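Below you'll find the structure, written out as structure tokens, and then a few comments.
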Amino acid sequence: MKIEEMTLQQKIGQLFVVGFPETEPGDAFFELVDRYKVGNVILFSHNVENKEQLAKLCGKLHEKIRKTTGVPPFISIDEEGGVVSRLPQGCAVMPSAMAQARTENRNLMYQGAKITAHELKESGINFNLAPVLDINSNPENPVIGVRSFGENPETVTQCAKAVMRGYLDGGILCAGKHFPGHGDTSVDSHLSLPVVDLSRGELESRELVPFKALIKEGLPAVTMAHILVPALEPEKIPCTMSRRVVRGFLRENLGFQGLIISDCMEMNAIKEFYGTEAGTVAALAAGVDLIFISHTSSLAKSAILEVMRALEDGRLSMERIDEAVSHVLAQKERLLTLSQGEGEKPDAKARIKFAGEFLEKTITPQNGNISGAFCLGKNPVFVGPVPSRVTLASSSISDTFDFSHEMQKTFGGEAVCIPQNPDDREIENVLLASRGKSALVLATLNGHLSAGQRKLIEAVKKENIPKAFVALRNPYDLEISGEDYFGVVLYEYSLRTIGELKKYFRKTQIKNTWDEQ
């Protein structure tokens, strides 16, 4: 459909992406499509049961929206890999970005992204909200961490280029996030409004490097960050709603011609400080093209009505709406071209095999200053936190397993579960459990951000027992344990990464058994 053939409601509907809370859309969602012509969807883990259900759901959504609005929808998802994955069991899920970067193998990253694109496309999803282009320059960042390819701008740039090419060659759109860089924050924008207090020069030499490079390579979309960046916007206006940042810097200074999209407008950085409805109007006025209201249909409805009021009272112009719609339609046209360029696809079994082999390459033990392999012995103690969703951006974590008991199942010994922030009594219980054991394996989950876990690491280091440290997510935990001990980073707290760790310890147990004979 051409823009001049569209009604005002059809145009406004193209500028929204909405979600719903169940595995099937309900009446509130259908009202958004039928009455307000909303033209795009975002899916989360709570929408997904299995591969077959996901494909049927996407088929229904595509057909319903296309018939009602006259335009095929974006069906979007956050499939970064690792800790941020929405795909169901039976799909190939790649490792987290930081884990991928550890391999230093750009071809693996490209192939992994292409396989991810095939998985998504096969299910009916055509827009992946990845890769993360943030430089994780602040180890205390609670929301990015392993979602970033790392702390070095060149590493992040080269990895992200490979991943972007993989998505595009696999036939789907992708978005680089979170502009102009969410890496140097210590606040989660899901919960509050972070400030990136860097100079313009620091931004240019670090945060902006991946964005500039991928824009030159044809990046389809850029996701705005709900953050304050005084060097780019001196007034206290979040980047998503700043005309200086969106139009002045991203469009005009960097020359980006693609689709500019918001992060979810229900995040507290916007919802609590400005309001979703007012924030939506301000974002569109600033130059954002596509608004995500990912969870609450009533909020999406009220935001659409606020946009209509803004057109009436002059806060928004028809020219701005038409410009945004043209950017949306241009990328929907691009999807057709991407689909035509697809080659042969590996089958499901081959895709899962690739993902497993890729994951195995990311988990490399770091022996530090010790020599040889770490041996558990006959009576080890395994200590680890209960599973915890450390940020709302992550996928939900199953409560049906935990590190210490999973390891105990395979190697025997004793299992000790600790909370995310253990107190002095719980730390003392760990030390008591380690007495007389052949080895102690301590797993931490973003322990560098937890006073209790940091204290536990220091206490364990003083114990006279062979010890190993496992960072279940961010690698910065091993900076606390130091180089004098065996350490390994898993980059995600999951059964599959624990399984890879078990493989390593099985090998070292066998080796040490032979050495003793």
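So the sequence shown is numbered by the UniProt record's numbering: it starts at 1 and just counts up by one.
Ideal placement from N, C-alpha and C gives every residue a C-beta, glycine not left out.
Quantities reported herein were computed from a predicted structural model and do not represent experimental measurements.
As assigned by DSSP and simplified to three states, the class of residue i
i           : result
His62       : helix
Asp423      : coil
Phe273      : coil
Asp263      : strand
Val386      : coil
Leu442      : strand
Val84       : strand
Gln158      : helix
Val307      : helix
Gly487      : strand
Phe29       : helix
Ile215      : helix
Ile77       : strand
Ser371      : The pLDDT assigned to Ser371 is 49, lower than 50, so where the model puts this residue is not dependable; a value taken from the coordinates is nonetheless given after this. It is coil, neither helix nor strand.
Phe127      : strand
Gln366      : strand
Arg315      : coil
Val132      : strand
Ala300      : helix
Arg165      : helix
Val209      : helix
Arg147      : helix
Met94       : coil
Gln89       : coil
His185      : The question names His, but residue 185 in the sequence shown is Thr. Three-state DSSP puts Thr185 in coil, outside helix and strand.
Tyr504      : helix
Gln257      : coil
Gly170      : coil
Gly499      : helix
Phe403      : helix
residue 518 : Coverage of the chain is limited to positions 1 through 517, which leaves residue 518 absent and any answer about it impossible.
Lys37       : coil
Val281      : helix
Local Cβ density within 10 Å of residue i, reported as buried at 16 or more and exposed below that
i           : result
Pro95       : buried
Ser297      : buried
His448      : buried
Gln257      : exposed
residue 531 : The shown model of the chain, from 1 to 517, leaves out residue 531, and the question about it has no answer.
Thr280      : buried
Ser371      : Unreliable placement is indicated for Ser371, whose pLDDT of 49 sits below 50; the coordinate value is still reported in the next sentence. Exposed, by the Cβ-count rule.
Glu119      : buried
Ala451      : exposed
Gln89       : exposed
Met318      : exposed
Thr362      : buried
Ala282      : buried
Ser481      : buried
Lys503      : exposed
Met308      : exposed
Leu479      : At residue 479 the sequence reads Glu, which differs from the Leu that was named. Under this definition Glu479 is an exposed residue.
Ala350      : exposed
Residue i vs residue j beta-carbon contact at 8 angstroms
i      : j      : result
Ile115 : Ser76  : no
Ala285 : Leu250 : no
Phe273 : Leu376 : no
Ala194 : Ile215 : Checking the displayed sequence, the identity of residue 194 turns out to be Pro instead of Ala. No, they are not a contact pair.
Ile291 : Leu15  : yes
Gly19  : Ser294 : yes
Gly183 : Asn136 : yes
Lys301 : Leu8   : no
Cys174 : Ala101 : no
Phe401 : Leu338 : no
Lys467 : Tyr485 : yes
Bridge-paired residues (DSSP) for residue i
i      : result
Gly176 : Val222
Gly414 : Residue identity differs from the one stated: residue 414 is Glu in this sequence, not Gly. DSSP lists Val381 as partners of Glu414.
Val17  : Phe292
Asn464 : Beta-bridge pairing links Asn464 to no other residue.
Leu228 : Val195
Val470 : Ala443 and Val488
Leu43  : Ile77
Cβ distance (whole Å) where residue i is taken to contact residue j below 8 angstroms
i      : j      : result
Ala225 : Ser148 : In fact, because the Cβ distance is near 13 angstroms, the residues do not count as touching under 8 angstroms.
Pro419 : Pro385 : 7 angstroms
Ala471 : Thr444 : 6 angstroms
Val196 : Gly181 : 7 angstroms
Val325 : Lys11  : 5 angstroms
Val222 : Gly176 : 5 angstroms
Val488 : Pro365 : 5 angstroms
Check: residue i C-beta below 7 angstroms from any heavy atom of the ligand GTP
i      : result
Leu335 : In the structure on display, the ligand GTP does not appear, and there are no ligands present to speak of.
is_contact[residue i, chain B] using C-beta, thresh 8 angstroms
i      : result
Met308 : Absent from the structure: chain B. Only one protein chain is present.
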